[in-house]
Ligand code: KG4
Ligand code: ZN
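Numbering (full-length UniProt numbering), first residue to last: 1 to 411.
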């Protein structure tokens, strides 16, 4: 059914995406087509996809560079940029696909969760579009779309475990069906990408010649390669909490205090690049990685104890911007190898926000006939929306202690 080529990369399975070349313009459309639209945070994305998961056309406008300069997302700026770009992005995706509006079977758009002002732009645009072209509308849950993106590349069967780690997300869930999720754990404060972005900002890595054009998380990964993580020992978060929730704010405090101490020792002002940035990056990355790995390990053991994972090919899917961090992937690979799970990550491009993952979620819903609306009067966006049924209390009650596991990564 799926015509994607698999290739092994650093112990984690990756998949090449099949997109359509220009020959699409002469192609006879024989399957249902979905236009997907994403505007929940800082990416304006659109894609046209057929029912087999083939990407016919896509376009993406990222606001990341603008927000990097202001040191974080200003919602009104994000809203303005979505408003300025959405028309062009959708038009580009449509033109590249060679599909006309009348050939679309449905429009799928992220309506939750996300920044209210950003979600509003995508929803308004989509509701006008479906009204004008008389199309059914499929409201999409952003986290569900992230969780299921992997199925575009591989027929991963339900149930499977999902870890979503990015600048805005940090959660562990069991995907049991396209609209059936159990939430096992989530962050109590901030997401790991956000933590690494803030650490990078506090270290003024933007002034580092190797890091001026990349995200904070990427900068941490890059510098960590030349650092000694043992030079700074940060206390692992939530060691006495036997659940699958995450917390990164305490680690950020520890890192900030170490940076302040070093600035005093070196007699430099805040904003000066410290001589030990590589070591701080390495220690931060390792602590983030081992925290994520331990929570994931417990989630796997919980699912196994409760018989929630299949005995054949149990799978952990990892997605979100932070999933592209190779050190974190390798740490997770130690956990999945130990517990007998397959580790799957969508290609980096599809781990982050885009219109393709929304179109794919629309395709999955269209195939199963779930959540397809012909009337849109009642549709609204929801900035806060839980993923599935929250069983984090049950996970906590199980209080699973982890067996010792060496999370030592060597390049
Ligand atoms: O999924 P994404 O594009 O959007 C948000 O949810 O914000 O993820 C972006 C986040 C940023 O915080 C970025 O620093 C982080 O993912 N990130 C990384 C890496 N690449 C991106 N964090 C660690 N290592 C990386 N290689
Ligand atoms: Zn996202």
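Using N, Cα and C, we set each Cβ at its ideal position, and we do this for glycine too.
Should residue 65 and residue 47 be called a contact, given that it needs their Cβ atoms to be closer than 7 angstroms? Taking the chain shown and counting its residues from 1, one reaches residue 65 at position 65. Taking the chain shown and counting its residues from 1, one reaches residue 47 at position 47. It is not a contact, given that the beta carbons lie outside the stated cut-off.
With a 10 Å radius around its C-beta and 16 neighbouring C-beta atoms as the bar for buried, classify residue 257 as buried or exposed. Walking along the chain shown from the start, residue 257 turns up at place 257. By the neighbour-count rule (16 or more Cβ atoms within 10 Å), residue 257 is not buried but exposed.
Inspect the beta-carbon positions of residue 223 and residue 277 and report whether they are closer than 7 angstroms. Within the chain shown, numbered from 1, the residue matching residue 223 stands at position 223. Within the chain shown, numbered from 1, the residue matching residue 277 stands at position 277. Their beta carbons are under 7 angstroms apart, which means residue 223 touches residue 277 by this criterion.
Tell me, which residues are paired with residue 59 by DSSP? Along the chain shown, read from residue 1 onward, the residue named residue 59 stands at position 59. Its beta-bridge partners are 46.
Nearest to residue 270 by alpha carbon, out of 356, 71 and 203? On the chain shown, position 270 is the one that residue 270 refers to. The candidate whose alpha carbon is nearest that of residue 270 is 203.
Quick one: what does DSSP say residue 319 is sitting in, helix, strand or coil? Looking up residue 319 in the chain shown gives position 319. Strand at residue 319.
Reference residue 183, options 400, 272, 239 and 394, closest by Cα: In the chain shown, counting from the first residue as 1, residue 183 sits at position 183. Minimum Cα distance to residue 183 is reached at 394.
Tell me whether the beta-carbon of residue 185 lies closer than 7 angstroms to the beta-carbon of residue 295. Taking the chain shown and counting its residues from 1, one reaches residue 185 at position 185. Taking the chain shown and counting its residues from 1, one reaches residue 295 at position 295. Yes; because the gap between Cβ atoms is below 7 angstroms, this pair is in contact.
Residue 325: which of 297, 285 and 298 sits nearest, CA to CA? For this step, residue 325 is matched to residue 325 along the chain shown. Residue 325 has its Cα closest to that of 285, out of 297, 285 and 298.
Between which residues of its own chain and residue 125 is the CB-CB distance below 6 angstroms, once the five residues before and five after are set aside? Translated into positions along the chain shown, residue 125 becomes position 125. Result list for residue 125: 86, in chain order.
Compare the C-alpha of residue 355 against each of 341, 111 and 79 and name the closest. On the chain shown, residue 355 is found 355 positions in, with the first residue counted as 1. Considering only alpha carbons, the answer is 111.
Confirm, please, whether the CB-CB distance from residue 279 to residue 228 is below 7 angstroms. Within the chain shown, numbered from 1, the residue matching residue 228 stands at position 228. Within the chain shown, numbered from 1, the residue matching residue 279 stands at position 279. Going by C-beta atoms, residue 228 is nearer than 7 angstroms to residue 279.
If you reduce the DSSP assignment to three classes, tell me which class residue 342 lands in. Here the question's residue 342 lines up with position 342 in the chain shown. Here residue 342 sits in strand by DSSP.
Determine the contact status of residue 387 and residue 160, defining contact as a CB-CB distance below 7 angstroms. Along the chain shown, one-based indexing puts residue 387 at 387. Along the chain shown, one-based indexing puts residue 160 at 160. No, they are not a contact pair.
Residues sharing a beta bridge with residue 291, DSSP: Sequence index remark: in the chain shown, residue 291 carries index 291 (1-based). Looking at the DSSP assignment, residue 291 forms no beta bridge with any residue, so it has no partner.
Take every Cβ of the region 151-168, pair it with every Cβ of the region 397-408, and state whether three or more of those distances are shorter than 8 angstroms. no
For the ligand KG4, is there any heavy atom lying closer than 6 angstroms to the beta carbon of residue 190? Taking the first residue of the chain shown as 1, we reach residue 190 at position 190. No, the beta carbon of residue 190 sits no closer than 6 angstroms to any heavy atom of the ligand KG4.
Own chain residues within Cβ distance below 8 angstroms of residue 74, not counting five before or after: Along the chain shown, one-based indexing puts residue 74 at 74. Excluding residues within five positions, the ones whose Cβ falls inside 8 angstroms are 67.
Roughly how far, in whole angstroms, is the beta-carbon of residue 252 from the beta-carbon of residue 199, given that I think they are within contact range, below 8 angstroms? As a first step, residue 252 is located in the chain shown; it is residue number 252 there, counting from the start. As a first step, residue 199 is located in the chain shown; it is residue number 199 there, counting from the start. Right, the Cβ-Cβ distance comes to about 6 angstroms (below 8 angstroms), so this counts as a contact.
Is it right to say residue 312 is buried, meaning 16 or more other beta carbons lie within 10 angstroms of its own, or is it exposed? As a position in the chain shown, residue 312 is number 312, starting the count at 1. The residue is exposed, with fewer than 16 neighbouring Cβ atoms inside 10 Å.
Less than 6 angstroms separating the Cβ of residue 217 from some heavy atom of the ligand KG4? Walking along the chain shown from the start, residue 217 turns up at place 217. True, at least one ligand heavy atom lies under 6 angstroms from that Cβ.
Would you kindly work out how many angstroms separate the C-alpha atoms of residue 40 and residue 225, rounded to a whole number? Position 40 of the chain shown, counting from 1, holds the residue named residue 40. Position 225 of the chain shown, counting from 1, holds the residue named residue 225. Roughly 33 angstroms between the two C-alpha positions.
Grouping DSSP H, G and I as helix and E and B as strand, with all else coil, what is residue 185? Looking up residue 185 in the chain shown gives position 185. Here residue 185 sits in strand by DSSP.
Using the C-alpha atoms, what's the distance from residue 169 back to residue 147? Numbered from 1 along the chain shown, position 147 holds the residue referred to as residue 147. Numbered from 1 along the chain shown, position 169 holds the residue referred to as residue 169. Approximately 11 angstroms, taken between the alpha carbons.
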